[in-house]
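Following: one structure in structure tokens, then a few remarks.
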Amino acid sequence: MKVLVTGAAGQLGRELVRVAGSREVLGLARADLDVTDRGAVAEAVGGLRPDVVVNCAAWTDVDGCERDPERARSVNTEAVGFLAEACDAVDAHIIQVSTDYVFNGEADTPYSEGHPTDPVNAYGASKLAAEEASLAWDGATVVRSTWLQPADSPGMVERVVDSLVAGTPIEVMDDRRACPTFVADLAPVLIRLAEERVAGVVHATNAGVTTWYGFAREVALAFGLDPNSEILVPISEDDLGSSLSARRPSYSALDNSVLRDLGWEPMRHHRDAIASAVARITAGSA
Ligand SMILES: NC(=O)c1ccc[n+]([C@@H]2O[C@H](COP(=O)([O-])OP(=O)(O)OC[C@H]3O[C@@H](n4cnc5c(N)ncnc54)[C@H](OP(=O)(O)O)[C@@H]3O)[C@@H](O)[C@H]2O)c1
Numbered sequence: 000m001k002v003l004v005t006g007a008a009g010q011l012g013r014e015l016v017r018v019a020g021s022r023e024v025l026g027l028a029r030a031d032l033d034v035t036d037r038g039a040v041a042e043a044v045g046g047l048r049p050d051v052v053v054n055c056a057a058w059t060d061v062d063g064c065e066r067d068p069e070r071a072r073s074v075n076t077e078a079v080g081f082l083a084e085a086c087d088a089v090d091a092h093i094i095q096v097s098t099d100y101v102f103n104g105e106a107d108t109p110y111s112e113g114h115p116t117d118p119v120n121a122y123g124a125s126k127l128a129a130e131e132a133s134l135a136w137d138g139a140t141v142v143r144s145t146w147l148q149p150a151d152s153p154g155m156v157e158r159v160v161d162s163l164v165a166g167t168p169i170e171v172m173d174d175r176r177a178c179p180t181f182v183a184d185l186a187p188v189l190i191r192l193a194e195e196r197v198a199g200v201v202h203a204t205n206a207g208v209t210t211w212y213g214f215a216r217e218v219a220l221a222f223g224l225d226p227n228s229e230i231l232v233p234i235s236e237d238d239l240g241s242s243l244s245a246r247r248p249s250y251s252a253l254d255n256s257v258l259r260d261l262g263w264e265p266m267r268h269h270r271d272a273i274a275s276a277v278a279r280i281t282a283g284s285a
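First residue of the sequence shown: 0, per numbering that gives the first Met the number 0; consecutive thereafter.
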């Protein structure tokens, strides 16, 4: 299977290229392929003739998208149409990576794939339109995930560990809930979806629903420290005042019902993924 990963310098793109193993995989970063350039997209996909394109390219700055919805539409929506069109021309499978932000956050149980969408910000709207642009083509797959955590660069785990070690208080949001998902666990699922050419909308997250404060407490526990430490300061979105320009869904956990119905092993709990990340950090600093 020949895999083309766009947005390959991003946290998910890098991990996909890393886990592809013996499969023929080509990662194109923005410097190699700007997905908003329709001609360049047609040339790259037409020339490389991959079996599957996994689109990890996106403008993921949620507040930036709110300020500049035109750019959000160009990168997050229009470019996906170019990629899907180019895939169709060479009979390649497109996997479009999407987000929990297509939902409005008013639910109190995990969203299944068929739940009505209703984005509350420009980023979510641009990603929802991208879903529609890709699903217009037969066999396309949309994979929604939440709160991605990197494998090879500092993320939330490192921020919390650094604060705990330095004894510097860190404010963490305690009024939004979702499923923190580690790209190290998501990337193999994307590869398998590509291999099995699973079509349609698929939710793929680590198991477990929590807030960022809950996440930080799990990091403290995995690090052998007091999860009730005053270093971890729970705050609410309101405490941030006007520093966030885009509204966010307050609840955006995803039910992985399609994967469950396929009989796939659930992705591990985020608690176990945190423990692995903390063990890696600890080993690295020993
Ligand atoms: N991060 C999350 O918490 C989260 C949650 C749910 C879903 N997702 C989705 O998961 C996917 C991967 O996200 P991520 O967290 O890996 O994001 P990321 O680290 O921000 O990576 C996105 C990559 O896309 C690249 N890019 C931006 N504009 C481009 C263009 N015009 N042409 C080509 N590449 C371009 C960026 O390059 P530059 O850095 O050079 O701009 C960046 O390397 C996205 O579809 C995102 O919507 C993310």
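From the three backbone atoms N, C-alpha and C, an ideal C-beta is built for every residue, glycine too.
For Cys55, the CB falls within less than 6 Å of some heavy atom of ligand 1. Of Ser133, Cys178 and Val101, the smallest CA-CA separation from Ala198 is found for Ser133. In this structure, the CA atom of Ala177 is about 10 Å from the CA atom of Gly104. Segment contact: the segment 216-235 against the segment 180-192, fewer than three CB-CB distances shorter than 8 Å; contact not assigned. For Ser133, there is no enclosing beta strand (DSSP E); the residue is found in the alpha helix (DSSP H) stretching over Ala121 to Leu134. Look at Phe214 here: in three-state DSSP terms it is helix. Ligand 1 approaches Ser144 closely enough that one of its heavy atoms is under 6 Å from the residue's Cβ. Where Arg143 is concerned, the enclosing beta strand (DSSP E) starts and stops at Thr140 to Ser144. Ligand 1 never approaches Ala245 closely enough for any of its heavy atoms to be under 6 Å from the residue's Cβ. With a beta-carbon spacing of about 6 Å, Leu3 and Leu47 fall inside the 8 Å limit used to define contacts. Looking only at Leu147, Tyr122, Tyr100 and Val188, the smallest Cα-Cα distance to Cys64 is reached by Tyr122. Taking 7 Å as the cut-off, the Cβ atoms of Thr204 and Thr108 do not count as close. Of the candidates Val142, Thr281 and Leu27, the residue whose Cα lies closest to the Cα of Asp254 is Val142. When the Cα atoms are used, Ala85 and Ala41 turn out to be separated by approximately 5 Å.
For Leu185, the enclosing alpha helix (DSSP H) starts and ends at Val182 to Glu194. Ala177 is bridged by DSSP to Thr209. Note: Met0 is not bridge-paired with any residue in the DSSP secondary-structure output.
Segment contact: the segment 48-58 against the segment 67-81, three or more CB-CB distances shorter than 8 Å; contact assigned. Of the residues Glu130, Ala272 and Ile169, the one whose Cα lies closest to the Cα of His202 is Glu130.
The beta-bridge partner set that DSSP reports for Pro233 consists of Val171.
The DSSP-derived three-state label of Leu82 is helix.
DSSP lists Val52 as the bridge partner or partners of Ile93.
A buried status is given to Arg13, since no fewer than 16 other beta-carbon atoms sit within 10 Å of its beta-carbon. Apart from sequence neighbours up to five positions away, the residues of its chain that approach Arg66 with a beta-carbon distance below 7 Å are Ser244, ordered along the chain. At a Cβ-Cβ threshold of 7 Å, Val171 and Trp136 do not count as neighbours.
Secondary structure at Val201: strand, using DSSP grouped into helix, strand and coil.
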